[in-house]
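Student:
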Amino acid sequence: MKKLFLLLLSVFVLLGLAACGTASSEDENKDSNSSGGETSGTEAGEEKAKLVVGATSVPHAEVLEEAKPLLAEKGVELEIEVYQDYILPNKDLDNGTLDANYFQHIPYLEQQMEEFGYDFVNLGGVHIEPMGIYSKTIGSLDEIKEGTVVIMSRSVADHGRILSLLEREGLIKLKEGVNKVEATVDDIDENKLDLEFDASIDAGLLPQFYEREEDALVAINTNYAIEAGLNPLEDALILEGSESPYVNIVASNAEDENDPALQTLIEVLQSEEIQTFIEETYEGAVVPVH
Numbered sequence: 001m002k003k004l005f006l007l008l009l010s011v012f013v014l015l016g017l018a019a020c021g022t023a024s025s026e027d028e029n030k031d032s033n034s035s036g037g038e039t040s041g042t043e044a045g046e047e048k049a050k051l052v053v054g055a056t057s058v059p060h061a062e063v064l065e066e067a068k069p070l071l072a073e074k075g076v077e078l079e080i081e082v083y084q085d086y087i088l089p090n091k092d093l094d095n096g097t098l099d100a101n102y103f104q105h106i107p108y109l110e111q112q113m114e115e116f117g118y119d120f121v122n123l124g125g126v127h128i129e130p131m132g133i134y135s136k137t138i139g140s141l142d143e144i145k146e147g148t149v150v151i152m153s154r155s156v157a158d159h160g161r162i163l164s165l166l167e168r169e170g171l172i173k174l175k176e177g178v179n180k181v182e183a184t185v186d187d188i189d190e191n192k193l194d195l196e197f198d199a200s201i202d203a204g205l206l207p208q209f210y211e212r213e214e215d216a217l218v219a220i221n222t223n224y225a226i227e228a229g230l231n232p233l234e235d236a237l238i239l240e241g242s243e244s245p246y247v248n249i250v251a252s253n254a255e256d257e258n259d260p261a262l263q264t265l266i267e268v269l270q271s272e273e274i275q276t277f278i279e280e281t282y283e284g285a286v287v288p289v290h
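Counting from 1, one number per residue, gives the positions in the sequence shown under full-length UniProt numbering.
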């Protein structure tokens, strides 16, 4: 009788373990299926694409900050890396630190690609920053004296732009037939006031030279001028017009040209909302591309 009891007890224990194993397996399958559903749902509609975009602080990073919520609505999370120079944003785009950058105009992009062999593409234009020529002490063109020094950045891509402004005001004349976008000081044919040119300065330092160099003309990129508290429309002695070909663009690596998140980025930056923001915020010192 005792043996029969032990035998029955063993059977019951085995059946109980089997039932627990089945329940555990079912629970695991249920959890697994549930987890899989959540993952699928996130991938289908909740998980956002992420972009890391490099930009100089003003106005580029400010424009990107305004675009952030609009991008989020379209499923793109934006991280902004702010730079204070024109060299690192392209280096970091090339090495994969950035997905795109937004700080440069087309001639500068083309010059950088030629010099460093970057395989970049222009995804589209966003705005124009009119180049300005400033002076702390010279109040009008008539006050420019013979031998005045014109201080400009070491960026060759901006030299033709600056020289074209001086030519427009009758201060110099460029050689006949020269490509004004690519013009250099060597292309000056007439220089009525014997202006001298210093093209050895980093662009970000130009506002400092404006503050301390008396009786000089200083060509300052609008982003650095605004950052230094200058109003291009009021403070520039000579200011580029909105017809400028120097459109600031978003650049990416060529292999990413058709990336959906990058296409959404340029779509938002060219949207009516962002164009209106640029017009209202910078009041003509930065001109949106329509």
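No residue lacks a Cβ here, since even glycine has one placed at the ideal position from N, Cα and C.
(1) Mapping DSSP to helix, strand and coil, what is E182?
(2) Considering I87, what are the terminal residues of the beta strand (DSSP E) in which it resides?
(3) Looking only at DSSP bridge pairs, what is Q263 linked to?
(4) Could you compute how far the alpha carbon of G90 sits from the alpha carbon of N101?
(5) With C-beta atoms as the reference, is L230 less than 8 angstroms away from Y86?
(6) Exposed or buried, Q112, counting other C-beta atoms within 10 Å across all chains shown (16 or more means buried)?
(7) Can you list the alpha helix (DSSP H) stretches of 4 or more residues lying completely in the stretch 124–174, in chain order?
(8) Since Q104 sits in a beta bridge, which residues does DSSP pair it with?
(9) If you drop the 5 nearest sequence neighbours on each side, which residues of the same chain put their C-beta closer than 6 angstroms to that of A61?
(10) S25 by DSSP, collapsed to three states: which one?
(11) Consult DSSP for V58 and reduce its assignment to one of helix, strand or coil.
(12) What is the DSSP secondary structure of residue 292, reduced to helix, strand or coil?
(13) Which first and last residues belong to the alpha helix (DSSP H) in which A225 is found?
(14) So what's K68 in DSSP terms, helix, strand or just coil?
(15) D215 by DSSP, collapsed to three states: which one?
(16) Note down, in chain order, each residue of its chain lying with its Cβ closer than 7 angstroms to the Cβ of N253, except the 5 sequence neighbours on either side.
(17) Let me make sure I understand the geometry here. Which of G284, T276, N248 has the alpha-carbon closest to that of G124?
Tutor: In this structure, then:
(1) coil
(2) Careful: I87 lies outside any beta strand (DSSP E) and carries neither H nor E.
(3) Note: Q263 sits in no beta bridge, so no partner.
(4) Gly is not the amino acid found at residue 90; the sequence shown has Asn there. When rounded, the distance between both Cα atoms is 7 angstroms.
(5) no
(6) buried
(7) 156–168
(8) I249
(9) A55, I80, V82
(10) The predicted position of S25 is uncertain, since its pLDDT is 41 and thus under 50; no value can be drawn from it.
(11) helix
(12) It is not possible to answer for residue 292, since the shown part of the chain is limited to 1 through 290.
(13) 222–227
(14) helix
(15) coil
(16) L93, D119, F120
(17) N248
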